[in-house]
């Protein structure tokens, strides 16, 4: 395939051209309640071409190989058009690479029959359905196996296989007219064995859904809070991570000014890092979709902005180095600046010490949706009232509203136990990224705005 | 496609082939500079087979090996997903009233003219970021099945968008224009939005209180997601809907009708849904009374009722029509227009907020109708005038209670990025938590 791609772009008259071909094998199984609703395995593929000519940069996606020549012509036309519009784009220099990567999987799902995957899904589904007062479940097994081939006119030639797996969904508890749901999920980029023997996750979430039936609505107001690792991760991803993506910053001059490297943005104990090289996390990959090796990138060091996430084009715009974060959802999409794994680094105290330090407030756990950038809004799945450093009654209906810069400054402390999400789906523009990992420790933040239903 | 259908039928299956072909180009301009041009040429084929009360599916974007696709669908059939329905016979129909062949020839130069013109209309905007974009595309959906349907629906779309982003934020307000042949902007709409943008530049701290809230079309999805999730046959079949025993009951304000009508719109109208069922006007709420549980072939058969032509491919976030299976969908539903102009509604607001952007709209207990969103942006109104935008404010409540407090509905719908239009809705006495 790499040879074929080289041939397809060999005669293109441009300053730079690259082509990516991807074959995607996907298995999706789903159950709603006791019923199997979906069971399908599919193979599909497609091409993305990009050209740079006289400062104009453009991309075209196509499905069929016979349309690639037309796509290249369209891309050249787009580049010419952008050049005539006055653009002077260029790409950060990177060394040409030839490589072929296969992940070291702890159980290759391709070797496991679909019937075994259905059995695994059904087992977790039944675990939840048999808990008292559980009225329904909605659970999906998703296996995405992508083989990507990337060739550029600079001599880069890379094949990389990425295998992402998750089982996720919702569990519903009902008593009378009261209905509560809890999101549940496990995921890995490390092979199917990581999804086996995880019963405790599903039992815990089913019990939680039931407990929420009797939890009280939180009262809206300003609280000192402790975010658990999942909520910390969501904050870091949604608020700080997206604001660190250079393509979103480049035209937003006021925000760009606020996000100048070296600016003190937060409490001096806050350290945030993007690292897609961690092999067993869902956001793992070796090369981005521009053929750039991804590197661990410290974004915030001791509260001071230390880096940001780049494509080759945005790296030039900011006079910084490419970081390997230009990633496409799949074979139908052009690459854009993206996070893989992002996390807030742990502190030194224990969770109990953190609770004592806060004394009173709310301990907020897990996330059931949210969005944001500089301003954010997340829903916590559940929470507890904390009084005298002790965890008390459960509360629900919790939404957190905040501002990135205020929140970073209001971080008081964090504990020493870090956890990653295991699953993560991130939407940016029209693209969904299923390889979006996030995490952190439990973090004590003062004066957060909490909205109750 | 016929060959594929034949191969599937030769295995003793009833079969449906759903295929798409799409072409599009787009241009983005930020603060006067062209920042992105892109194009795509895509196609795909999805196969669904039925045999002995079971269903199998398979898809590919690149139909090279028909036998392999059928083999994948047969493997899927083996898993035993129940299917108690049959494919409809809708005959042979081509619907191309929303297709303008000339759009096939539009490219970057024409879209450049559109964004340049739009940029001129927003010329007064000097603060924050001005983003203008334009695009065009054509698409064709074909549905073939062994019951005899051979349906083709072609459409073309040209759109333009002008967005004004507040300084130092990612929040803004915008106008969207679209049509099957062109996207001529309505200058009065642009002027009004530009005026509101300028008036709302100052941030205002409002504290906590109850006030009037006007949902602009851009944020209406926060309400319609919840209505759609609860009124779906899926929620009823699973007995988890809060509307379970409320058919023909007054649930929300009599001012509000929420209707699925794929025959409405400036483009993208549909004679058939994605399963080949004839579409119709389906009132979900009529004058506030809950009327209809919408379905698709699967849930119609499970609930022993007729399919309503509301089976579409795509989820809450849209998604790939080829990869996704048909499900009950309100992708063509909107609130019916009312009898007040936007200005009249604004004049009704002694104190309130216009919700242009809903932060966290997909969070929380959506099925229950719980809603807790950041107002991003929320335009603050005093004595009928926009006087700023609220700082760090959120609203929370349950949509059924909120929508029972509707006091006015706009007399004109506006397009949003979901490509479906809604009027603005004014609600009274809503809790807003400010800074």
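Residue numbers (the numbering used here), protein chains in the order written: chain A, 1 to 453; chain B, 1001 to 1435. We put the CB at the ideal spot given by N, CA and C, even for glycine.
| Check | Outcome |
| --- | --- |
| Looking at the structure shown, is residue 34 (chain A) part of a helix, part of a strand, or coil, going by DSSP? | coil |
| Going by the beta-carbon positions, is the gap between residue 1360 (chain B) and residue 369 (chain A) smaller than 9 Å? | yes |
| Could you spell out the range, first to last residue, of the alpha helix (DSSP H) harbouring residue 229 (chain A)? | 229-235 |
| Assign residue 1248 (chain B) to buried or exposed, taking buried as 16 or more other Cβ atoms, counted over all protein chains shown, within 10 Å of its Cβ. | exposed |
| Check whether the segment 1329-1338 of chain B and the segment 1188-1206 of chain B touch, using three or more Cβ-Cβ pairs below 8 Å as the test. | no |
| Applying a beta-carbon distance threshold of less than 7 Å, which residues of chain A neighbour residue 1080 (chain B)? | 36 |
| Taking one C-beta from the segment 1421-1430 of chain B and one from the segment 1401-1409 of chain B each time, how about it: are there three or more such pairs within less than 8 Å? | yes |
| Give the C-beta separation of residue 1086 (chain B) and residue 1011 (chain B) to the nearest angstrom, bearing in mind that I take them to be a contact with Cβ-Cβ under 8 Å. | The Cβ separation is near 17 Å, so there is no contact. |
| Enumerate in chain order the residues of its own chain whose CB-to-CB distance from residue 141 (chain A) is below 6 Å, with the five nearest sequence positions on each side excluded. | 29, 117, 121, 167 |
| With a Cβ-Cβ cutoff of 9 Å, do residue 1019 (chain B) and residue 1044 (chain B) count as a contact? | yes |
| Going by C-alpha distance, which of A:431, A:41, A:19, A:15 is nearest residue 1323 (chain B)? | A:41 |
| Count the other CB atoms, across all protein chains shown, that sit within 10 Å of the CB of residue 387 (chain A); report buried if there are 16 or more and exposed otherwise. | exposed |
| Ignoring anything shorter than 3 residues, give me the beta strand (DSSP E) runs that lie fully in the segment 94-125 of chain A, in order along the chain. | 98-101 |
| When burial is assigned at 16 or more other CB atoms within 10 Å of the CB, is residue 1350 (chain B) buried or exposed? | exposed |
| How long is the line joining the alpha carbons of residue 1004 (chain B) and residue 110 (chain A), rounded to whole angstroms? | 26 Å |
| Residues of the segment 1390-1419 of chain B with a CB closer than 7 Å to any CB of chain A: list them in chain order, please. | 1392, 1394, 1396, 1397, 1398 |
| Please determine, among B:1399, B:1434, B:1334, the residue with the shortest C-alpha to C-alpha distance to residue 1380 (chain B). | B:1434 |
| Buried or exposed: residue 217 (chain A), going by 16 or more other Cβ atoms within 10 Å of its Cβ? | exposed |
| Are the CB atoms of residue 1400 (chain B) and residue 1252 (chain B) nearer to each other than 9 Å? | yes |
| Using the rule of at least 16 other Cβ atoms within 10 Å of the residue's Cβ for burial, across every protein chain shown, is residue 1250 (chain B) buried or exposed? | exposed |
| Give the range of the beta strand (DSSP E) segment to which residue 372 (chain A) is assigned. | 361-372 |
| If the cut is a Cβ gap below 7 Å, which residues of chain B does residue 74 (chain A) touch? | 1039 |
| For the segment 129-140 of chain A, which residues have a CB atom closer than 8 Å to at least one CB atom of chain B, in sequence order? | 135, 136 |
| How long is the line joining the alpha carbons of residue 1171 (chain B) and residue 1352 (chain B), rounded to whole angstroms? | 19 Å |
| Closest to residue 1240 (chain B) by C-alpha separation, out of A:192, A:175, A:204, would be which residue? | A:175 |
| Give the range of the beta strand (DSSP E) segment to which residue 1111 (chain B) is assigned. | Unbroken run through residue 1111 (chain B) is the alpha helix (DSSP H), 1108-1121; no beta strand (DSSP E). |
| Which of helix, strand or coil does DSSP assign to residue 1362 (chain B)? | coil |
| Does DSSP put residue 323 (chain A) in a helix, a strand or coil? | coil |
| Could you give the first and the last residue of the continuous beta strand (DSSP E) run that contains residue 1154 (chain B)? | 1150-1165 |
| I believe residue 328 (chain A) touches residue 289 (chain A) by the beta-carbon criterion, under 8 Å. Please report the beta-carbon distance rounded to the nearest angstrom. | 5 Å |
| Measuring alpha carbon to alpha carbon, tell me which of B:1313, B:1293, B:1312 ends up nearest residue 1306 (chain B). | B:1293 |
| Which runs of the alpha helix (DSSP H) spanning at least 4 residues fall entirely within the segment 127-181 of chain A, listed in chain order? | none |
| What residue range does the beta strand (DSSP E) around residue 7 (chain A) cover? | Where residue 7 (chain A) is concerned, there is no enclosing beta strand (DSSP E), although the alpha helix (DSSP H) it sits in stretches over 2-9. |
| Indicate whether the contact test is met: 3 or more Cβ pairs, each with one atom in the segment 1273-1280 of chain B and one in the segment 1210-1226 of chain B, closer than 8 Å. | no |
| If you drop the 5 nearest sequence neighbours on each side, which residues of the same chain put their C-beta closer than 6 Å to that of residue 1106 (chain B)? | 1136 |
| To the nearest angstrom, how far is the alpha carbon of residue 1068 (chain B) from that of residue 188 (chain A)? | 29 Å |
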